[in-house]
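A.B. asks: Residue numbers (the UniProt record's numbering), protein chains in the order written: chain A, 1 to 151; chain P, 1 to 459.
Glycine included, each C-beta is placed from N, C-alpha and C at the ideal position.
Keep in mind the model is a prediction, meaning the values are calculated, not measured.
This is the structure I have questions about; it appears just below.
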Amino acid sequence: MAQSGIKVAAECVTAYEELKSKKAFRFILFKISDDGKEIVVDETGKEDDWDVFREKLISSKSKDKRGKEGVGARYAVYDFHHTSGEGIVQEKPGLLSWIPDDAGVFVKMTYAGSKEALKMALPGLAADIQASATEDLEYEGSVRPKVFKRL
Amino acid sequence: MAVPNANTAPLSEYAGDEVSALVLDPGWSTTRAGFAGEDAPKSVIPTHYGVSSSDSRLFFGENAIHSPQANLQIKNPWSADGIVEDWDTAAKLWEYSITSRLTGPKPTHPEKNGLNDDPNGEAMELDAQEEVEKPLTENPLLMTEPGWNPVKAREKYIEIAMEDWGVPAYWLGRSGVLAAFAAGKASALVVDVGANITSVTPVVDGIMMKKGVQKSPLAGNFVSNQIRAMFKQNQVPLTPHYMVSSKTAVDAGAPSQATYKKFETAPPASYRRLQEERVLTEFKESVVQCWTGPGKLSNGTNEEIAKSQPPRPFEMPDGWNQVFGLDRFKVTEGLFDETAALEDDENAKPTKAQTIPAMIQAALNQVDVDQRPHLLNNVVVTGASSFLPGFNDRLNAELQGMYPSPRIRLSAPGNTIERKYASWIGGSILGSLGSFHQMWISKKEYDEHGANIVEKRCK
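Given below as C-alpha cells:
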C-alpha cells in the first residue's frame, strides 16, 4: 500500500500480464480513478512510435480535488525494444511515471504518493523512470539510456 | 511501506470521510495547523511563547508575545537540534494552534455554563461525574515530524494526541517525504532550509532513507546571526520597533534622531532578541542576497563583481539608515563556504560538514550509487529560508561543480505558500483523500498496541 492508501485495480495487473506475455500492447497508461479510490487502466496502445505515446502523456488531463480538469499526470508501462548491432532484439517492460512540474499540487501529491502501490503490483518491471518535464520524455536523450544502461 | 500485518491491521477502520481531519505541522519558527483538504494552513502561530516570570503563566500567539512586558520571558520548546525539548509546553502550544483558530475551545462544563442554573438557587443534578472532556475528540489528526525524530519522540507525539487530546485517529508523516510528494516526486533529494535547521533528506520510492538524512544549523537563524556579526563589525545599531516612539528622517549613516519609548522596567533580553529577529527578517527580505556562483564569493574577481552590483538601502525602525553592498552577500556565504562565515565571540565558525553542499554530498553517499544521478535530477528545495534571493542559483552552481556529469535539476515551487508550507500541504492532501482512511491509527488500535504502533504504521 502506498501512503495515500490508494489501491491498484485488478485490471491493471491483467493488462500488464497481457503486455508481458502476449505482447498484446506496446504501452498501457494508468490513472487514478475519478473517485480517487484506485489506480485503473486509462488506455492501451499498440503504436510502435514513441512520439505517439509521448504525446498522449503530454496531453493528458487530471482532475483536481474540486473536479476541475487541468494538466494531467499518468503512470505508464512501456514495452521498450532495442536491437543490437548483431540484430539481437531486447524487449523489456518498464514503468514510467509522468508527473509534470506544472501540474497542480493535488495531482502531484496523489500521483507521487500512490506510485509505490502500482510498482509493487506489477512484478518484473525492468526500469522505473520518473519524468517531470518534457525533456525527460525524449527517447534518445533521456529515456533509452536509463532503460538500456549498458548499451 | 506501511503494510499492516496481522497484528496491527486495522480492527475497525476509522471512517474519516465524515469529519475533516486536522493537519498539524510544528516547526521551530512557526506552528502550522489547519483542516485537511484546504490549500493553506489557517492557523500559523509563532512557536516562541511567553512565560510570565511572576506567576509562570504561558502566553501563546502573535499578539500575546509581541507586546512589551516587563516580566514576559520568551522561550521556544524546541532544542537547537530540532527535537522537542519541553514536551509539556509544546503540547499546550500545539493544542492552542488548533483550538484558537480551528476547532474552538472546549465548551464549559454544563454545571458551570450558567444554562442549567436553577432559579431557586439549588444546583441541578446533572450527570456531572463524567471525565473532563478532552479537547480534540472530533477530528482525526495528521502530524508531520522531522526525519531525525527519535523513536521516543515519535511515541510521545502519538501519546499527546491520543491521551491528552483524545483524538479518534492519528497518523504521523515524515516532512521530507510529504514535501517530495507535494512536488510530484516519489524519489527526490529534499533540501529543507528552515529557521533553525537545514536538512537534506533522500527519499527513494516514497521511503525516507533514514541513514542519509543530514541536518545542520546553517539555516535562517544562522544567517540572522551572521547579520548581527556584520552589524557589530560595522557599528550598525540594531533597534527593534517596540523601542521607538517616533522617528525623523536622517542622512545615511547619521545617528538616529528618534524618540525612544520609556519603560519603567525594560522587557527581558529574550523579548528584545525576538523583536530584533523581526528587524533581521525585514533585512533578509529586502537586502540580503546569495552570491549566485559559479564559484565561491572569495574566488577570483567574484567579490569585485558582487561589489559592482547596486547596493541596497536599509532603514532601522529608529530612522538610522545605510546602504549595504558586498556585506549583503557576505552574510549568506557561510551557508556554502565555511571559511567565509563571519566569526566573533558569539558566532563560532561552522565546520565544512555543516555547509549545504557538504550535507548533500554526505546524504548521497548513503544512497545506492545507481540512485544518485536520479536524486540529483530531482532536488526539491523547500523551507522559508530558501527564499533568500539567489539561493537556488547558488545551490545549482555548487551541485554542478561537485557533480559535473549527471544532469542537476532543482525544483522549487515559485508559489510562496507551496514552498513555505510544502509538508503541511502534502499532509493536507493526504489527510483529505477518501483512500487514506485505512492509514489512520485508530484509538482502539492505539489502546491495544501502545505508542510503538507509530513505528509499524508510519514508516
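1) Give me the subset of the stretch 409 to 422 of chain P whose CB atoms are less than 7 Å from a CB atom of chain A, sorted by chain position.
2) State the Cα-Cα distance for the pair residue 464/P and K134/P, rounded to the nearest angstrom.
3) Could you tell me the alpha carbon to alpha carbon distance between N71/P and K92/P, rounded to whole angstroms?
4) Do the stretch 421 to 431 of chain P and the stretch 319 to 331 of chain P touch if we need at least three Cβ pairs shorter than 8 Å?
5) Please classify T31/P: is it buried, with 16 or more other beta-carbons within 10 angstroms of its beta-carbon, or exposed?
6) How is the beta strand (DSSP E) around H81/A delimited, first residue to last?
7) Would you please state the rounded distance, in angstroms, between the beta carbons of V236/P and P317/P? I believe it to be under 8 Å.
8) Starting from the beta carbon of K210/P, find every residue of chain A whose beta carbon is closer than 7 Å, and list them in chain order.
9) Thinking just about the alpha-carbon of each residue, which of P267/P, H241/P, S256/P, L142/P is nearest to the one in E276/P?
10) Helix, strand or coil: which one does DSSP assign to Q233/P?
11) Relative to the C-alpha of R74/A, which candidate in E140/A, G45/A, K56/A, Q90/A has its C-alpha closest?
12) Please report the straight-line C-alpha distance between V203/P and H374/P, rounded to a whole angstrom.
13) If contacts are defined as beta-carbon pairs under 8 Å, then L172/P and I158/P qualify, I think. What distance do you get, rounded to the angstrom?
14) To which residues of the same chain is E303/P closer than 7 Å at the C-beta, ignoring the five residues directly before and after it?
15) With 16 other CB atoms within 10 Å as the buried threshold, where does E145/P fall?
16) Let me see if you follow: with CB-CB separation under 7 Å, is F25/A close to chain P or not?
17) In terms of DSSP beta bridges, what is S442/P paired with?
18) Please check if any C-beta of chain A sits within less than 7 Å of the C-beta of S435/P.
19) Distance cutoff 7 Å, beta carbons only. Does residue 465/P sit that close to anything in chain A?
20) Report the residues of the stretch 425 to 455 of chain P with a CB closer than 8 Å to any CB of chain A, ordered along the chain.
21) By alpha-carbon positions, which one of P105/P, A451/P, P267/P ends up nearest to K152/P?
22) Is it right to say V380/P is buried, meaning 16 or more other beta carbons lie within 10 angstroms of its own, or is it exposed?
23) Throw me the rounded Cβ distance for the V71/A and A117/A pair, which I believe falls under 8 Å.
24) With a 10 Å radius around its C-beta and 16 neighbouring C-beta atoms as the bar for buried, classify residue 462/P as buried or exposed.
25) Report the CB separation of S97/A from A127/A in whole angstroms; it is logged as a contact under 8 Å.
26) Does DSSP put R312/P in a helix, a strand or coil?
27) Roughly how many angstroms lie between the CA atoms of Q129/P and T259/P, to the nearest whole one?
28) Could you give the uninterrupted runs of the alpha helix (DSSP H) lying entirely in the stretch 40 to 89 of chain P, keeping only those of 4 residues or more?
29) Going by DSSP in three states, R174/P sits in which element: helix, strand or coil?
30) Can you tell which of S224/P, A80/P, L141/P has its C-alpha closest to the C-alpha of residue 462/P?
31) If the cut is a Cβ gap below 8 Å, which residues of chain P does residue 162/A touch?
32) Closer than 7 Å, CB to CB, is A128/P near chain A or not?
33) Is there a C-beta anywhere in chain P that falls below 7 Å from the one on K37/A?
34) Taking its Cβ as the centre, do 16 or more other Cβ atoms sit within 10 Å of N365/P, making it buried, or is it exposed?
35) How many whole angstroms separate the CB atoms of L61/P and I74/P, which I take to be in contact at a CB cut-off of 8 Å?
36) Measure from the alpha carbon of K307/P to the alpha carbon of each residue in G319/P, Q289/P, N321/P, then state which is nearest.
C.D. replies: Taking the definition as stated:
1) S411, E418
2) Absent from the structure is residue 464/P, since the part of chain P shown begins at 1 and ends at 459.
3) Cα to Cα, the separation comes out at about 21 Å.
4) no
5) buried
6) 74 to 83
7) No, V236/P and P317/P are not in contact; Cβ-Cβ is about 13 Å, not under 8 Å.
8) Within chain A, no residue comes near K210/P; the closest Cβ sits about 16 Å away, beyond 7 Å.
9) Nearest of P267/P, H241/P, S256/P, L142/P to E276/P, Cα basis: H241/P.
10) helix
11) K56/A
12) 11 Å
13) 7 Å
14) L297, L326
15) Under a 10 Å Cβ-count criterion, E145/P is classified as buried, with 16 or more other Cβ atoms of the shown protein chains found around its own Cβ.
16) For F25/A, the nearest beta carbon of chain P is not closer than 7 Å to its own beta carbon.
17) A169/P
18) yes
19) What is shown of chain P runs 1 to 459, which leaves residue 465/P out entirely.
20) I425, G426, I429, L430, S432, L433, G434, S435, F436, H437, Q438, M439
21) A451/P
22) Buried: at least 16 other Cβ atoms inside 10 Å.
23) In fact, because the Cβ distance is near 22 Å, the residues do not count as touching under 8 Å.
24) A question about residue 462/P goes unanswered here, because the residues of chain P that appear run from 1 up to 459.
25) At roughly 11 Å, the Cβ-Cβ gap does not stay under 8 Å, so S97/A and A127/A are not in contact.
26) Three-state DSSP puts R312/P in a strand.
27) For Q129/P, the predicted structure reports a pLDDT of 45, less than 50, and the residue's modelled location is therefore unreliable. The matter cannot be settled from this model.
28) 62 to 66
29) strand
30) Because residue 462/P is not part of the residues shown, which for chain P are 1 to 459, the question remains open.
31) In this structure chain A extends from 1 to 151, so residue 162/A is not present and cannot be described.
32) Reliability of the predicted coordinates at A128/P is poor, the pLDDT of 46 falling under 50, and the value obtained from them is presented with this limitation in mind. With 7 Å as the cut-off, A128/P does not count as an interface residue toward chain A.
33) yes
34) exposed
35) Correcting the residue identity first, residue 61/P is Gly in this sequence and not Leu. About 13 Å separates the two Cβ atoms, so there is no contact after all.
36) Q289/P
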